[in-house]
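In the numbering used here, the protein residues as written are 47 to 307. Glycine included, every Cβ here is placed at the ideal spot set by N, Cα and C. None of the values given here were measured: they were computed from a predicted structure. Notes for the one structure printed next.
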Amino acid sequence: MFPVSLFCKFGWQRYTIFASQFGDLPLNYTLSRSKRRRTIGITIKQGKVRVAAPESVALHRIDSFVASKQDWITRHLQAQQTRLRDLPKRLWQHGETLFWLGQAMRLEVRPGHRNTIEAIDNTLQIRLSRRCTQPAAQTQKLVQQWFRQQAQHWLDTHLADMPAAIATPPAAWRIANYTAKWGACSAQKTLSFSWRLFAAPEWVVRYVVLHELCHLTHFNHSPAYWALVEHYDTDYREAERWLKQHGHSLLNDDYFSFSPH
């Protein structure tokens with residue numbers, strides 16, 4: 047049988063397809079409904095299944111559609127798990143490497159009078175108070191704060207000068223804590239970007255910003271939208287390929303590592 051679920055008009059809600067409908071194991075997925083969507087879509091990120099569907103589609107139809115994609119979902123879940131398994135696990139400790147705009151930065155974690163972080167050359171100098179009882183968690187917190195601050199500064203410095211922004215300027219822009227997407231464009235013309243994106247090479251970051259800027263003109267992914275993207279960036283497909291290959295590790299803080307080449 048299918049679970050009894052409340053209708054979720056906005057945001058993500060969890061659902062389960064039980065074993066009788068999906069092979070040998072239950073499948074958990076999150077669902078988002080939208081008035082703008084015309085079709086049901088499935089994405090898999092960080093080993094999680096997300097389904098986007100029109101508001102008018104009944105839940106049992108969505109479940110049936112997801113179940114019909116069993117082989118595809120299983121294949122992609124296994125591929126993601128394999129890629130993550132091959133990556134070094136991040137421990138947030140001295141000597142590890144992070145990336146800022148594709149450039150390697152070494153973590154240097156040492157005792158200090160208080161918890162601080164500072165970028166010097168190609169290192170992130172972290173000082174932890176001797177009273178700190180969770181050094182890994184505090185290091186991770188400091189790194190995330192630094193990334194958010196630097197990412198906001200990058201946007202403030204570069205976004206307004208991008209040709210697509212000049213053509214159709216956004217109302218505002220901000221850094222978000224997205225873990226399943228790189229950016230978003232709201233109906234109020236506010237652009238949001240995951241701070242995790244800024245580990246990628248700068249040319250990839252510029253593409254994602256352009257991607258959202260073009261939504262200010264075409265609030266969809268129509269042929270006209272992609273033509274506009276290509277007008278400003280003829281090599282955008284290279285950035286798409288890069289994100290497809292490396293994005294699973296950037297969005298997962300436990301494996302925040304990749305080869306930039």
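TODO: Evaluate contact between the stretch 113–120 and the stretch 141–155, counting only Cβ atoms and requiring at least three cross-stretch pairs below 8 Å.
DONE: no
- [ ] Any chance you could list the alpha helix (DSSP H) runs of at least 4 consecutive residues sitting entirely within the stretch 65–137, in chain order?
- [x] 105–114, 116–131
- [ ] With DSSP as the reference, please indicate the residues paired to Trp146 in a beta bridge.
- [x] Gln149
Open item on the list: For Leu259, report the span of its beta strand (DSSP E) as first-last.
Closed with: Counting along the chain, Leu259 falls outside any beta strand (DSSP E), though it belongs to the alpha helix (DSSP H) covering 248–260.
Open item on the list: Only counting the same chain, and skipping five residues up and downstream in sequence, which positions put a Cβ closer than 6 Å to that of Leu144?
Closed with: Met151
TODO: Would you tell me roughly how many angstroms separate the C-alpha atoms of Glu154 and Lys94, rounded to the nearest one?
DONE: 33 Å
TODO: Would you mind sorting Leu137 into buried or exposed? The rule is 16 or more other CB atoms within 10 Å of its CB.
DONE: exposed
Task: Own chain partners of Arg129 with C-beta closer than 7 Å, once the 5 adjacent residues on each side are dropped - done: His294
Open item on the list: For Thr185, count the other beta carbons within 10 Å of its own beta carbon; 16 or more makes it buried, fewer makes it exposed. Which is it?
Closed with: buried
TODO: Could you please give me the residues that DSSP links to Ala218 through a beta bridge?
DONE: Thr236
- [ ] Using the Cα positions of Lys290 and Ile172, report the straight-line distance between them to the nearest angstrom.
- [x] 31 Å
Open item on the list: Quick test of the definition: if touching needs 3 or more C-beta pairs under 8 Å, does the stretch 184–198 touch the stretch 206–224?
Closed with: yes
- [ ] In the DSSP assignment, find the alpha helix (DSSP H) that holds Arg283 and state where it starts and stops.
- [x] 282–296
Task: Proximity to Leu233 [Cα-Cα], best of His204, His264, Leu256 - done: Looking at the sequence provided, one finds Ala at residue 233 rather than Leu. The option with the nearest alpha carbon to Ala233 is His264.
Task: Terminal residues of the alpha helix (DSSP H) in which Ala183 lies - done: 181–204
TODO: Output yes or no for whether 8 Å exceeds the beta carbon distance between Ser78 and Ala98.
DONE: yes
Open item on the list: If contact is defined by three or more beta carbon pairs under 8 Å, each pair taking one atom from either stretch, is the stretch 247–256 in contact with the stretch 196–215?
Closed with: yes
Task: One or two residues paired with Leu170 in a DSSP bridge - done: Leu153, Ala165
Open item on the list: I'd like to know whether the C-beta atoms of Trp249 and Ala285 end up nearer to each other than 8 Å.
Closed with: yes
Open item on the list: Please identify the residue among Arg96, Thr89, Val189 whose C-alpha is closest to the C-alpha of Asp299.
Closed with: Val189
Open item on the list: Quick check on this structure: which residue in Tyr75, His204, Thr203, His277 has the alpha carbon closest to the alpha carbon of Lys115?
Closed with: Tyr75
TODO: State the Cα-Cα distance for the pair Thr169 and Arg283, rounded to the nearest angstrom.
DONE: 32 Å
TODO: Measure the beta-carbon distance from His204 to Cys231 and round it to whole angstroms, keeping in mind my assumption that it falls under 8 Å.
DONE: Not a contact, Cβ separation roughly 17 Å.
Open item on the list: What does the Cβ neighbour count give for Glu101, buried or exposed, with the cut at 16 atoms within 10 Å?
Closed with: exposed
Task: Nearest candidate by alpha-carbon position, reference Trp228, set Leu259, His199, Ala217 - done: Leu259
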